[in-house]
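Chains as they are written, first to last, in our numbering: chain G, 121 to 432; chain P, 121 to 432. Ideal placement from N, C-alpha and C gives every residue a C-beta, glycine not left out. Bear in mind that the values here come from a model prediction, so they are computed numbers and not experimental data. Structure record follows, encoded as structure tokens.
Number of protein chains: 2
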Amino acid sequence: MSVTVVGSIAFDAVQTPAGSRERMLGGAATHFALAASFFDRVHVVGPVGDDFGDAEMDVLRIRGTNVDDVERVAGGSTFFWSGRYHEDLNTRDTLDTQLNVFESFEPKLSTASLASEVLFLANIQPGLQLKVREQCEAARFVALDSMNLWIDIARAELDEVIARVDCLVLNDEELRQLTGKPNLFSAAHAVLEAGPSIVVAKQGGYGSAMVTRDDFFALPAYPLHEVVDPTGAGDTFAGGFVGFLASRPPSERLSAPVLRNAMAYGTALASFNVEQFGTEGVASVTGEQVRERVRDLDRFARFDPIDAPLAG
Amino acid sequence: MSVTVVGSIAFDAVQTPAGSRERMLGGAATHFALAASFFDRVHVVGPVGDDFGDAEMDVLRIRGTNVDDVERVAGGSTFFWSGRYHEDLNTRDTLDTQLNVFESFEPKLSTASLASEVLFLANIQPGLQLKVREQCEAARFVALDSMNLWIDIARAELDEVIARVDCLVLNDEELRQLTGKPNLFSAAHAVLEAGPSIVVAKQGGYGSAMVTRDDFFALPAYPLHEVVDPTGAGDTFAGGFVGFLASRPPSERLSAPVLRNAMAYGTALASFNVEQFGTEGVASVTGEQVRERVRDLDRFARFDPIDAPLAG
């Protein structure tokens, strides 16, 4: 079995309260693949330019990720993003975006990528997500991310692709924008009516919440003394979440205990992502370190209810 | 045993996406008392004006709360606050604040209020909190709330009183402002070094988190399809949290299982607060409804870790 991810591969420049990097490997597909590769064989589909070197390709290949569908566009440059984080690290300003080879990206999936049983459509133009969704006939579980830009300018296509996926992963604000509902729970239920069985709300430093037709689950972010660089945390979370589900039998993927573990693995992996710049944390962490943080999260989240005698 | 709360009693005017109220009972001491009264006898210490009627006093008295130390200032008007909430309900603009009788408030505690074993210093001028703290020699557990204003203009007194309480309850942003630490975990640990054993961060619609020297626990807000009015949610949470602790033997109050239940009771009670305007929700809810939401929260928060086989 395997997981295919379609999305951006990038160079990022970031400034955070902890320091800065002028050029580091990034992109949604990259962060997703590094996390999901702990669980299953990952196929990455995305474009890079002539400036993408062997060192970067080696990082993508960590834990066996297949890069045959990383398309090298001759004469082009890799997608570049630059941003500066605010003191609280939950907000940031984009300083520069150069789409480069990403501007004319048309996903081309090899037979191997098309054969994956699990598909993650990272944040790209919804029309392209829809084309990929249609091509991947073997996919039995499809998750999708998007962003405010597409809600604004490609709403019809976005709605069409959302109706055809199993799981929508968005941040809080995007969920509100998409549905016009002011709070997470009502917004998530509006999405469930549109098709998906699972809605995951990414909440930055607050963690994440999951809503299905008959379950609600929320998990805090892993507590850290220092967050160095949040770039890619959401895609790393998605890689852990989707990767964990990919590693389970299809019949289990809508069961609450399995979905909750998927949230925990996503959360644990995201914590390693934010502890270092770019891909440094998740590239170097071991499986046992990930499992250890999942066990920690269990302890941070549970309580055993005491039935208090109450007046009234 | 009993709990004493010192703080504001108010009339509030609010506009929320769900509607508006021109004059409703509010104030930190009011919301705290309505929640804490489920667990123990509460003594309310705070000033009101001639405009405070029997109907409002009857609400304060619900579940046996003692109002002997509600000081009626002849010729004065009750503290008045007016605000408008934004669409997401996590942010609001203050439209008007009239301190009225609260401006010259000097807490006067009767023998009964002084005898309480548990004390909550709601958000008032830190110098007054310190005086009350010194008078309440019987108090074995003291919790304190504050706000950005006092961090700005009364920092020395605030530091002094924080050093003398067991538990600090603040919102996220105030914790960051107080400590200069950008994230919750590091900010909370900075507070623990200053004296308190427990730091609770109120996170609005995201729920709350608790940090002690050897524990971390976070709980989401109770999921609701509609939030009507968040006014008083933080004080209601504090009332449930401190009230639950007051109902337990002193030796249990620093134990993780008991503190986690205190968080859950605070969270459940806050959810009833935000479902209706002002005090309407918590005034009318039953003990069994509160316990039911605590049991729900247990189901929303826990997972049983699966040890996944991971690459690497």
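Distance CB(residue i)-CB(residue j) smaller than 8 Å
i, j, result
"G:M330", "G:L379", "yes"
"P:S122", "P:D178", "no"
"G:T387", "G:T150", "no"
"G:V285", "G:L269", "no"
"G:L209", "P:N303", "yes"
"P:V193", "P:V164", "no"
"G:D189", "G:S233", "yes"
"P:L288", "P:P316", "yes"
"P:L229", "P:Q249", "no"
"P:D132", "P:T351", "yes"
"P:F158", "P:G363", "yes"
"G:P343", "P:F420", "no"
"G:I282", "G:A314", "yes"
"G:A384", "G:D335", "no"
"P:T258", "P:E237", "The question names Thr, but residue 258 of chain P in the sequence shown is Ala. Result yes, Cβ atoms of P:A258 and P:E237 sit closer than 8 Å."
"P:F222", "P:S128", "yes"
"G:R373", "P:R422", "no"
Where the alpha helix (DSSP H) containing residue i begins and where it ends
i, result
"G:L430", "From DSSP, G:L430 is part of no alpha helix (DSSP H); its letter is neither H nor E."
"P:I271", "N268 to I273"
"P:L339", "Note, P:L339: premise wrong, no alpha helix (DSSP H); beta strand (DSSP E) at D335 to L339."
"G:N393", "A376 to E395"
"P:V405", "Neither: P:V405 is in no alpha helix (DSSP H) and is coded neither H nor E."
Cβ-based neighbour list, residue i, same chain, cut-off 8 Å, excluding 5 preceding and 5 following
i, result
"G:E207", "P137"
Residue i to residue j span [Cα, whole Å]
i, j, result
"G:D418", "P:L417", "15 Å"
"P:V319", "P:D355", "15 Å"
"G:F337", "G:S224", "39 Å"
"P:A403", "P:A156", "11 Å"
"P:R333", "P:P370", "18 Å"
"P:G146", "G:I244", "48 Å"
"P:A235", "P:R260", "10 Å"
"G:S197", "G:D216", "15 Å"
"P:A353", "G:L241", "39 Å"
"G:L290", "G:Q323", "9 Å"
"G:E412", "P:P429", "13 Å"
"G:Y205", "P:S266", "28 Å"
"P:A96", "P:N220", "This structure cannot speak to residue 96 of chain P, because chain P is shown only from 121 to 432."
"G:Q218", "G:D170", "15 Å"
"G:L239", "G:A130", "20 Å"
"G:D424", "P:D424", "13 Å"
"G:G173", "P:N393", "57 Å"
"G:A148", "G:I182", "16 Å"
"G:R143", "G:G401", "16 Å"
"G:G432", "P:V414", "16 Å"
"G:G427", "P:Q409", "The sequence as given places Asp at residue 427 of chain G; Gly does not occur at that position. Cα to Cα, G:D427 sits roughly 12 Å from P:Q409."
"G:V262", "G:V252", "11 Å"
"G:L485", "P:F152", "This structure gives no information on residue 485 of chain G, because the portion of chain G shown stretches from 121 to 432."
"P:V187", "P:L365", "22 Å"
Cutoff 6 Å; reference residue i; Cβ partners in own chain excluding five residues on either side
i, result
"G:R141", "V134 and F397"
"P:T299", "A307 and A310"
"G:F361", "A382 and G386"
"G:A390", "A353, T356 and F357"
"P:E191", "P167"
"G:P340", "G327"
"P:F200", "F131 and Q218"
Residue interval of the beta strand (DSSP E) (run including residue i)
i, result
"G:S122", "S122 to V126"
"P:C287", "C287 to N291"
"P:A259", "Premise fails: P:A259 is in no beta strand (DSSP E) and is neither H nor E."
"P:F131", "A130 to T136"
Residues near residue i by beta carbon distance below 7 Å, same chain, minus five either side
i, result
"G:G184", "S157 and R161"
"P:Q297", "N268 and I271"
"P:G407", "F158"
"P:G195", "D170"
"G:V347", "L209 and V394"
"G:V405", "F392"
"G:G203", "V134, R212, D213, T214 and L215"
Item to check | Residue ranges of each beta strand (DSSP E) within the stretch 187-249 of chain G, 3 or longer | outcome: Secondary structure remark: continuous beta strand (DSSP E) runs of at least 3 residues inside the stretch 187-249 of chain G, in chain order: 190-192, 199-205, 212-218 and 238-241.
Checklist entry - Which runs of the alpha helix (DSSP H) fall wholly inside the stretch 296-376 of chain P and span at least 4 residues, in chain order? => result 304-313 and 353-366
Next on the checklist: Quick check for students: name the residue ranges of the beta strand (DSSP E) that lie wholly in the stretch 147-184 of chain G, counting only runs of 3 or more.
Outcome noted: 161-168
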